[in-house]
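If you count by my numbering, then the sequence shown holds residues -1 to 245, one letter each, in order.
Ideal Cβ placement from N, Cα and C applies to all residues, glycine included.
Here is the structure we will look at.
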Amino acid sequence: MSNLDNIFRDLVIANRILAKEEVVDAYGHVSIRRPDNPNHFLIARSLAPDLVTADDIVELDLDGQPVRNEKRTLYLERFIHAAIFEARPEVMAVVHAHAEDTLPFGIADATRLQPVIHSGSFIGSEVPVWDIADNFGDTNLLVTNLEQARDLAKCLGGNNVALMRGHGFAAAGRSLIEVVRMSVYLPRNARALLRAKQLGGRIKYLSRGEIDARNRGYSPYSTETWRAWEYWANKAGVGDLLTRPEA
Ligand SMILES: [Zn+2]
């Protein structure tokens, strides 16, 4: 099996995991940059992630346009992926989703969404909030062109996650496993923080040193990282698609 076949399978797994873990529903998407051609990325056609198979994956360029003749409908918000890949050469995978528990933090400015639990550390110490209205006024809130997407990518900067006011979030990772894991734990971290706020008192965020210590211990194909990917894939019913890279 070719490396590209494995990437297609991994992208199917990522779609199913994000659906099963309720990061995405009918909407939301995940993409991976082609390792052999950094100017192209792979993403499903316009379809709910839980229904995605390898046949649904299309290849787009950094303008968000299909590189082959494509008659099927594409995601309206595919430009989010194109602009982040364009702005961040080290980013290999992107998720955009509307996970409900992240939404309050894009709306209320009283509490920042930052890591408060160990598994939330991978979202990074800064989570900027992008408001489409700042530069584009009254829109339908969707990112439907490159100009809007580049503005979002600019707000994301060198961070891992940006919240999108009244809409959702965009996450960028160095690998597909990393961005999926980040996207699964982002809403959990948000839930823990929301509940802590209900208890009252001062919120104790993870310190910069703690976040750095967690990141230093991260390796995309370590046993610990693989354990979660394998677990989530089986839970999502696609354990048969798993291909572990050579250690
Ligand atoms: Zn969206």
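Buried or exposed by the 16-neighbour rule on C-beta atoms within 10 Å, applied to residue i
i	result
Thr71	exposed
Asp8	buried
Ile78	buried
Thr100	buried
Ser217	exposed
Gln146	buried
Ile261	The question about residue 261 has no answer, for the chain in this structure spans -1 to 245.
Ile11	buried
Ile201	exposed
Asn35	exposed
Gly104	buried
Tyr246	With the chain covering -1 to 245 only, the question about residue 246 has no answer from this structure.
Glu98	exposed
Glu68	exposed
Tyr219	exposed
Leu60	buried
Gly215	exposed
Collapsed DSSP secondary structure at residue i in the structure displayed
i	result
Asn13	helix
Ala106	coil
Leu140	coil
Ala168	strand
Ala234	coil
Val114	coil
Ser173	coil
Leu184	helix
Thr100	helix
Glu145	helix
Leu240	coil
Glu88	coil
Glu19	coil
Presumed contact (8 Å Cβ cut-off) between residue i and residue j, rounded CB distance
i	j	result
Leu16	Leu74	In fact, because the Cβ distance is near 18 Å, the residues do not count as touching under 8 Å.
Ala42	Asn1	The Cβ separation is near 19 Å, so there is no contact.
Ile274	Ala170	Residue coverage of the chain in this structure runs from -1 to 245, which leaves residue 274 outside it and unanswerable.
Ala168	Val114	With a Cβ gap of about 21 Å, Ala168 and Val114 do not count as contacting.
Ser117	Ile209	With a Cβ gap of about 12 Å, Ser117 and Ile209 do not count as contacting.
Ser181	Ala80	Going by Cβ atoms, the distance from Ser181 to Ala80 rounds to 18 Å, so no, they are not a contact pair.
Leu144	Gly62	6 Å
Arg212	Ser123	About 11 Å; that fails the 8 Å criterion.
Range covered by the beta strand (DSSP E) that runs through residue i
i	result
Val92	Ala91 to Ala95
First through last residue of the alpha helix (DSSP H) which encompasses residue i
i	result
Val125	That residue, Val125, is in no alpha helix (DSSP H); it is neither H nor E in DSSP.
Leu161	Leu161 -> not in any alpha helix (DSSP H); beta strand (DSSP E) instead, spanning Val159 to Met162.
Mind listing, in chain order, the continuous alpha helix (DSSP H) runs of no fewer than 4 residues lying wholly within the region 22 to 79? Runs of alpha helix (DSSP H) with 4 or more residues, each lying fully within the region 22 to 79, are absent.
Can you list, in chain order, the stretches of the alpha helix (DSSP H) that have 4 or more residues and sit fully within the region 197 to 226? 206 to 214
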